[in-house]
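A.B. asks:
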Amino acid sequence: AQETKAHVALLVSPGMGHLIPFLELAHRLVHHHNLHATLFVVCSGTSAAESLLLQKSSAVNVVPLRPSVSLDPNANFIDKLKAIMSASPSLLRRSLSTAKPRPAALIVDLFGTWALAIAHELGMLGFVFMTTSAWFLSLARFFPTMDKQMINDHVYNHEPLRIPGCSPVRFENTTQVLENGVYDDFELMARELGTADGILSNTWQDLEPTNIKALTEIETLTFGKAEGVPIYPIGPLTRHAEPNLESEVLKWLDRQPDESVIYVSFGSGGTLSEEQIKELAWGLELSQQRFVWVIRPPVDTDSSGTFFTAGNESRDHKWPPEYLPEGFVNRTKEVGLLVPMWGPQAEILSHRSVRGFLTHTGWNSSLESIVNGVAMVTWPLYAEQKMNAAELTEEVGVGVRVSRGLVSRGEIESKVRKIMAEEDEEGRRIRERVKALKRSGERAAAKGGSSYNSLAKVAAECDIFRRQTQLRMAA
Ligand code: UDP
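First residue of the sequence shown: 3, per full-length UniProt numbering; consecutive thereafter.
In structure tokens:
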């Protein structure tokens, strides 16, 4: 019997910040756009939360791919990601060639752009879903056409990097791929990105009007009609909160007044030094605000210290943690809640008692904050987070940013108050702005909205491609 729905395969690299939006994308393709979806998840084999999430996704066929690879424990997270992904092509090729019904398209992330060639070779469409901002996507998209001298001036002489049609990237905000001076891999991914049949971006018109314009208009001017890649802004695409009556943190939030709590978390990977954790604890205490803090043991040498182990919640370590200032837990027990390692973030941010989010500005966390109308104190750590923090505070206007280096307790106290306090004028403007964006994000993602329609176009392309393939095979 002929299939009546297109089947789309998705390939996602390790890490909760990739898995969560890919799972959500797969669900929307199934539930809103009437497609079949299979999500191939490249597993690093270490994350308990990954497996928890996967169990819950019944409408999407989830297939783990476990490449055999030994990782250099001292490598940074980007090098580890690359090592895992580069061990996956044969597994993917086998899985795609035997998948039933035959997939019409493969959707990959930035670390899976090599797989576009496999999709094309197997007669499928190949899309990339970028789980970052349109600003970062513009950097990736235009990177191969940029003047080498300008790139080197940025990397080595710390000059701003000019992205066509977008704000320049000041070196202090640069991404980790350029910071280290080794950008050959990034350049290769960026070139492969240009071979996609379309690029999906987790953003929407009102959030990033200038960057989306650059991507859609300058894209065609730069690459010409034939080489330009269609850009599909499909965001905000974030995980929906699920009712969880058992969760201690949600029960605690239920007991707090409306908009009185600041939520503190550094994403799946973020870790701080012991000295910084102590300052943060003091800053929160001095701010006299209620808080929920997802707390992890210090890592002095790597700010992405739990990227591959996120969700391995271990309560074995000493509680209360000895790295906190003496007496902190006792003094703040009426106003603060510490959550070890991992918390139900979507549920926390959507709780009526949460007003602010002290965040590492991973793009998913940033969007989750905006869709819940929660203002931010931005504290970027690694990857492209400094670009995100700059954009959120300087262009979008939904947060304030902490300074670089060791952030003092006094600064933490005042920035937290700015976002939380009723009487702070700047804080009030920021809170109004984030609430307006929340509404515009809802309109974009709702049926008939710009992002909904954009994803509908991708789904339609897949369906047309399926029909054409069927006709060709029947002929
Ligand atoms: N997350 C969570 N609980 C935590 C930490 C993170 O549910 O304690 C989720 C968060 O909601 C987000 C994702 O993990 O969806 C992290 O993605 P993001 O892009 O913010 O940052 P990354 O972890 O990739 O740096």
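Each residue gets a CB set at the ideal place from its N, CA and C atoms; glycine is no exception.
Identify the continuous alpha helix (DSSP H) that holds Val179 and give its terminal residues.
C.D. replies: As a position in the sequence shown, residue 179 is number 177, starting the count at 1. Counting along the chain, the alpha helix (DSSP H) containing Val179 begins and ends at Gln178 to Glu181.
A.B. asks: Which residue's Cα is closest to the Cα of Val10: Leu21, Arg104 and Thr100?
C.D. replies: The residue given as residue 10 occupies position 8 in the sequence shown. Comparing Cα positions, the closest option is Arg104.
A.B. asks: Determine the closest residue to Asn63 out of Ala101, Pro91, Val110 and Arg95, with distance taken between C-alpha atoms.
C.D. replies: By one-based count along the sequence shown, residue 63 stands at place 61. Among Ala101, Pro91, Val110 and Arg95, the Cα nearest to that of Asn63 is on Ala101.
A.B. asks: Tell me, to the nearest whole angstrom, how far the beta carbon of Val251 is from that of Phe293; I am working on the premise that it is less than 8 Å.
C.D. replies: Within the sequence shown, numbered from 1, the residue matching residue 251 stands at position 249. Within the sequence shown, numbered from 1, the residue matching residue 293 stands at position 291. The pair is not a contact, with the Cβ atoms about 11 Å apart (cut-off 8 Å).
A.B. asks: Closer than 8 Å is the cut-off here; do at least three beta carbon pairs connect the region 90 to 97 with the region 64 to 72?
C.D. replies: yes
A.B. asks: Val266: beta carbon under 7 Å from a heavy atom of the ligand UDP?
C.D. replies: The residue you call residue 266 lines up with position 264 of the sequence shown. Not so, every heavy atom of the ligand UDP lies at least 7 Å from the Cβ.
A.B. asks: Enumerate in chain order the residues of its own chain whose CB-to-CB distance from Lys417 is below 7 Å, with the five nearest sequence positions on each side excluded.
C.D. replies: Here residue 417 refers to the residue found at position 415 when the sequence shown is read from its first residue. These residues qualify, in order along the chain: Val379, Val402 and Val404.
A.B. asks: Under three-state DSSP, which class holds Asn63?
C.D. replies: For the purposes of this step, residue 63 is taken as residue 61 along the sequence shown, with counting starting at 1. DSSP places Asn63 in strand when its eight states are reduced to three.
A.B. asks: Around the C-beta of Met422, are 16 or more other C-beta atoms found within 10 angstroms, so that it is buried, or is it exposed?
C.D. replies: The sequence position of residue 422 within the sequence shown is 420, counting from 1. Met422 is buried by the Cβ-count criterion.
A.B. asks: Quick check: the Cα distance between Glu277 and Gly200, rounded to an integer number of angstroms?
C.D. replies: As a first step, residue 277 is located in the sequence shown; it is residue number 275 there, counting from the start. As a first step, residue 200 is located in the sequence shown; it is residue number 198 there, counting from the start. So the alpha carbons of these two residues sit roughly 45 Å apart.
A.B. asks: Per DSSP, what are the beta-bridge partners of Met18 in this structure?
C.D. replies: Indexing the sequence shown from 1 puts residue 18 at position 16. Answer by DSSP bridge pairing: none, since Met18 is not bridged.
A.B. asks: Nearest by alpha-carbon distance to Ala448: which of Lys7, Ile109 and Arg30 is it?
C.D. replies: What you label residue 448 is simply residue 446 of the sequence shown in a count that begins at 1. Selected option, being the one with the closest Cα: Arg30.
A.B. asks: Beta carbon of Arg164: closer than 7 Å to some heavy atom of the ligand UDP?
C.D. replies: Position 162 of the sequence shown, counted from the first residue, corresponds to residue 164. False, no ligand heavy atom lies under 7 Å from that Cβ.
A.B. asks: Where do the ends of the beta strand (DSSP E) carrying Arg357 lie?
C.D. replies: Along the sequence shown, one-based indexing puts residue 357 at 355. Counting along the chain, the beta strand (DSSP E) containing Arg357 begins and ends at Val356 to Thr361.
A.B. asks: Please report the distance separating the alpha-carbon of Ala283 from that of Glu413.
C.D. replies: Translated into positions along the sequence shown, residue 283 becomes position 281. Translated into positions along the sequence shown, residue 413 becomes position 411. Distance between the alpha carbons of Ala283 and Glu413 is about 12 Å.
A.B. asks: Spatial neighbours of Ala77 within its chain, please: CB distance less than 8 Å, with the 5 preceding and 5 following residues excluded, ordered by chain position.
C.D. replies: For the purposes of this step, residue 77 is taken as residue 75 along the sequence shown, with counting starting at 1. These residues qualify, in order along the chain: Ala85.
A.B. asks: Report the option in Ala228, Asn366 and Leu112 whose CA atom is closest to the CA atom of Ala192.
C.D. replies: Numbered from its first residue, the sequence shown carries residue 192 at position 190. It is Leu112 whose Cα lies nearest to the Cα of Ala192.
A.B. asks: To the nearest angstrom, report how far apart Thr176 and Glu386 are at their CA atoms.
C.D. replies: For the purposes of this step, residue 176 is taken as residue 174 along the sequence shown, with counting starting at 1. For the purposes of this step, residue 386 is taken as residue 384 along the sequence shown, with counting starting at 1. Distance between the alpha carbons of Thr176 and Glu386 is about 7 Å.
A.B. asks: Starting from the C-beta of Ile372, find all residues in its chain whose C-beta is less than 7 Å away, skip the five residues before and the five after it, and write them out in chain order.
C.D. replies: Here residue 372 refers to the residue found at position 370 of the sequence shown. Result list for Ile372: Pro238, Val400, Val436, Leu439, Lys440 and Gly443, in chain order.
A.B. asks: Does the distance from the CB of Pro146 to the CB of Gly196 come in under 8 Å?
C.D. replies: On the sequence shown, position 144 is the one that residue 146 refers to. On the sequence shown, position 194 is the one that residue 196 refers to. A contact, by the Cβ cut-off of 8 Å.
A.B. asks: What distance in whole Å lies between the Cβ atoms of Ser305 and Asn213, which are believed to be in contact at a cut-off of 8 Å?
C.D. replies: In the sequence shown, residue 213 corresponds to position 211, counting from 1. In the sequence shown, residue 305 corresponds to position 303, counting from 1. That pair is no contact at about 26 Å.
A.B. asks: Any heavy atom of the ligand UDP closer than 7 Å to the Cβ of Ser470?
C.D. replies: Taking the sequence shown and counting its residues from 1, one reaches residue 470 at position 468. Contrary to the premise, residue 470 reads as Gln rather than Ser in this sequence. Not so, every heavy atom of the ligand UDP lies at least 7 Å from the Cβ.
A.B. asks: Is Pro211 helix, strand or coil when you go by DSSP?
C.D. replies: Stepping through the sequence shown from its first residue, residue 211 is reached at position 209. DSSP places Pro211 in helix when its eight states are reduced to three.
A.B. asks: Taking the Cβ atom as the reference point for each residue, do Leu394 and Thr240 lie within a distance shorter than 8 Å?
C.D. replies: Locating residue 394 in the sequence shown gives position 392, where the first residue counts as 1. Locating residue 240 in the sequence shown gives position 238, where the first residue counts as 1. Not closer than 8 Å, so no.
A.B. asks: Output the residue ranges of the beta strand (DSSP E) runs that lie fully inside the region 136 to 206 and measure 3 residues or longer, sorted by chain position.
C.D. replies: 200 to 203
A.B. asks: Closest by CA to Ala8, which one among Val398, Cys464 and Thr222?
C.D. replies: For the purposes of this step, residue 8 is taken as residue 6 along the sequence shown, with counting starting at 1. Ranking Val398, Cys464 and Thr222 by Cα distance to Ala8 puts Cys464 first.
A.B. asks: Assuming Phe225 is part of the beta strand (DSSP E), what are its boundary residues?
C.D. replies: Walking along the sequence shown from the start, residue 225 turns up at place 223. Per DSSP, Phe225 belongs to no beta strand (DSSP E); it is in the alpha helix (DSSP H), Glu221 to Glu229.
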